[in-house]
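Per the numbering used here, residue 1 is the first one in the sequence shown, and the count goes up by one each step.
Even for Gly, the Cβ is constructed at its ideal location relative to N, Cα and C.
These notes are about the structure you will find just below.
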Amino acid sequence: MALDRNVAPNDLNAFWMPFSANRQFKRAPRMLVAAEGMHYTTADGRQVLDGTAGLWCCNAGHRRPRIVAAIQRQAEELDYAPSFQMGHPKAFELANRLLGIAPEEMAHVFFCNSGSEAVDTALKIALAYHRARGEGSRTRLIGRERGYHGVGFGGISVGGIVNNRRFFGALLAGVDHLPHTHLPERNRWTRGQPEHGAELADELERLVALHGAETIAAVIVEPVAGSTGVILPPRGYLERLRAITRKHGILLIFDEVITGFGRLGAPFAAQFFGVVPDMITCAKGLTNGVIPMGAVLTTAAIHDAFMQGPEHLIELFHGYTYSGSPIASAAGIATLETYREEGLFERAAAIAPYWEEALHSLRGLPHVVDIRNLGLIGAVELEPIAGEPTRRAFAAFLDAYEKGILIRTTGDIIAMSPPLIIEKDQIDLLIGTLGDVLRRAA
Ligand SMILES: Cc1ncc(COP(=O)(O)O)c(C=O)c1O
Numbered sequence: 001m002a003l004d005r006n007v008a009p010n011d012l013n014a015f016w017m018p019f020s021a022n023r024q025f026k027r028a029p030r031m032l033v034a035a036e037g038m039h040y041t042t043a044d045g046r047q048v049l050d051g052t053a054g055l056w057c058c059n060a061g062h063r064r065p066r067i068v069a070a071i072q073r074q075a076e077e078l079d080y081a082p083s084f085q086m087g088h089p090k091a092f093e094l095a096n097r098l099l100g101i102a103p104e105e106m107a108h109v110f111f112c113n114s115g116s117e118a119v120d121t122a123l124k125i126a127l128a129y130h131r132a133r134g135e136g137s138r139t140r141l142i143g144r145e146r147g148y149h150g151v152g153f154g155g156i157s158v159g160g161i162v163n164n165r166r167f168f169g170a171l172l173a174g175v176d177h178l179p180h181t182h183l184p185e186r187n188r189w190t191r192g193q194p195e196h197g198a199e200l201a202d203e204l205e206r207l208v209a210l211h212g213a214e215t216i217a218a219v220i221v222e223p224v225a226g227s228t229g230v231i232l233p234p235r236g237y238l239e240r241l242r243a244i245t246r247k248h249g250i251l252l253i254f255d256e257v258i259t260g261f262g263r264l265g266a267p268f269a270a271q272f273f274g275v276v277p278d279m280i281t282c283a284k285g286l287t288n289g290v291i292p293m294g295a296v297l298t299t300a301a302i303h304d305a306f307m308q309g310p311e312h313l314i315e316l317f318h319g320y321t322y323s324g325s326p327i328a329s330a331a332g333i334a335t336l337e338t339y340r341e342e343g344l345f346e347r348a349a350a351i352a353p354y355w356e357e358a359l360h361s362l363r364g365l366p367h368v369v370d371i372r373n374l375g376l377i378g379a380v381e382l383e384p385i386a387g388e389p390t391r392r393a394f395a396a397f398l399d400a401y402e403k404g405i406l407i408r409t410t411g412d413i414i415a416m417s418p419p420l421i422i423e424k425d426q427i428d429l430l431i432g433t434l435g436d437v438l439r440r441a442a
């Protein structure tokens, strides 16, 4: 079917856009109308190189034939089936395939529709798990400053981003936070994992001493924090967090919504860092971003704690109308097949050193105060304009889009996370264009 690239909705007012400067956008819209591989096509017919895999989700690039075909076939065969007290084969198949690439300690999969839902699901499972084992006093949840865990009330409560929290009332009670691990004074310009800061994990001992271990259900962290500008775990930090949580019977949840599915060159960050949590949340790359889907992976110990009492009774009072829906499951299976067939996780690992080199070539450009990278993630931190935080990076984002590259900004940090299919010449183009943008902004 021919695409009409001139379609422009005649009124942009109705759609209240998420996490967007609505008035700015509607005055000068940036409209994407098609995509293929590494590129978006804009409404005015330009090609834009995707430096962010959409929103960290299209890890295999855009409009991949296997995924498109799987969705089309599934829609024709079985459009929807409930997962409450009923089943359909593809959800079970996807769960098995997911476990096939996950750390071997992961034994069960609970499906939902987004990263936010995955986080709230994991937090609820943690609370109910302790209760099922007779440790109902473990109700406290611990997150981390500058953490992002989506926008549900659970996620914003354990999250650590002030603007995601302060407008929304009292949030969940009984939540505490670890300090973030962003230490620019000690780790600036680090390539890969920073050297300094593992001792920040010991702050958990302080929280245990303050609250009592028997009140703490779980700690949730992003192995690599993306949304607050790419904050990397110092060497040894995650290992220490694992040791302390284990010592005190506290569950450790890795929020792998952005690190899952090859972003670091391994299926999950848990494998990349060699640290296995009790639960993993994921979404985004699970279906290559094509159909909403999220999942929580758990150990057998967690799942089995619920499998008691009369068999006709529901064990966990939680779930969504679209948990493991047929079309999302079909998309997930085709996505995992695409990753495997094309060796995309290995590809990300292989091209990561080139990415690192290119990214750090931006050091010395005007206003660049730090550069960070790991796997196929990169961040360029800019000096904020005095009194006008975020303006410099947002201006760079707008200029970059005009010049044909899609980047993302958070505060005054430019974050990039290209599809894992990116070629070296495309890395050169992405980073070269960003360099031009930064020079021009000076
Ligand atoms: C670590 C993390 N958790 C949760 C989420 C929320 O995912 P969603 O937007 O699908 O609800 C995100 C989204 O960027 C994320 O980066």
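Sub-8 Å separation of residue i and residue j beta-carbons
{"i": "residue 278", "j": "residue 259", "result": "no"}
{"i": "residue 113", "j": "residue 320", "result": "yes"}
{"i": "residue 412", "j": "residue 393", "result": "yes"}
{"i": "residue 406", "j": "residue 129", "result": "no"}
{"i": "residue 46", "j": "residue 288", "result": "no"}
{"i": "residue 219", "j": "residue 156", "result": "no"}
{"i": "residue 166", "j": "residue 159", "result": "no"}
{"i": "residue 228", "j": "residue 257", "result": "no"}
{"i": "residue 126", "j": "residue 251", "result": "yes"}
{"i": "residue 144", "j": "residue 221", "result": "yes"}
{"i": "residue 427", "j": "residue 358", "result": "yes"}
{"i": "residue 303", "j": "residue 118", "result": "no"}
{"i": "residue 415", "j": "residue 226", "result": "yes"}
{"i": "residue 191", "j": "residue 423", "result": "no"}
{"i": "residue 334", "j": "residue 291", "result": "no"}
{"i": "residue 376", "j": "residue 263", "result": "yes"}
{"i": "residue 347", "j": "residue 420", "result": "yes"}
{"i": "residue 178", "j": "residue 153", "result": "no"}
{"i": "residue 249", "j": "residue 213", "result": "yes"}
{"i": "residue 275", "j": "residue 238", "result": "yes"}
{"i": "residue 323", "j": "residue 215", "result": "no"}
{"i": "residue 270", "j": "residue 345", "result": "no"}
Local Cβ density within 10 Å of residue i, reported as buried at 16 or more and exposed below that
{"i": "residue 247", "result": "exposed"}
{"i": "residue 350", "result": "exposed"}
{"i": "residue 309", "result": "exposed"}
{"i": "residue 184", "result": "exposed"}
{"i": "residue 20", "result": "exposed"}
{"i": "residue 197", "result": "buried"}
{"i": "residue 285", "result": "buried"}
{"i": "residue 17", "result": "exposed"}
{"i": "residue 314", "result": "exposed"}
{"i": "residue 56", "result": "buried"}
{"i": "residue 149", "result": "buried"}
{"i": "residue 59", "result": "buried"}
{"i": "residue 122", "result": "buried"}
{"i": "residue 381", "result": "buried"}
{"i": "residue 162", "result": "exposed"}
{"i": "residue 389", "result": "exposed"}
{"i": "residue 440", "result": "exposed"}
Contact test: residue i Cβ vs ligand 1 heavy atom, cutoff 7 Å
{"i": "residue 55", "result": "yes"}
{"i": "residue 219", "result": "no"}
{"i": "residue 280", "result": "no"}
{"i": "residue 460", "result": "It is not possible to answer for residue 460, since the shown part of the chain is limited to 1 through 442."}
{"i": "residue 120", "result": "no"}
{"i": "residue 258", "result": "yes"}
{"i": "residue 415", "result": "no"}
{"i": "residue 283", "result": "yes"}
{"i": "residue 222", "result": "yes"}
{"i": "residue 329", "result": "no"}
{"i": "residue 375", "result": "no"}
{"i": "residue 255", "result": "yes"}
{"i": "residue 226", "result": "yes"}
{"i": "residue 137", "result": "no"}
{"i": "residue 114", "result": "yes"}
Per DSSP, cross-strand counterpart(s) of residue i
{"i": "residue 225", "result": "231"}
{"i": "residue 269", "result": "The partner list for residue 269 (beta bridge, DSSP) is empty, contrary to what the question assumes."}
{"i": "residue 298", "result": "108 and 279"}
{"i": "residue 373", "result": "378"}
{"i": "residue 143", "result": "177"}
{"i": "residue 255", "result": "281"}
{"i": "residue 413", "result": "381 and 410"}
{"i": "residue 32", "result": "42"}
{"i": "residue 48", "result": "40"}
{"i": "residue 62", "result": "37"}
{"i": "residue 219", "result": "142 and 252"}
{"i": "residue 368", "result": "382"}
{"i": "residue 388", "result": "385"}
{"i": "residue 405", "result": "49"}
Residue i: CB within 7 Å of a non-hydrogen atom of ligand 3
{"i": "residue 149", "result": "Looking for ligand 3 in the displayed structure turns up nothing; the ligands present are ligand 1."}
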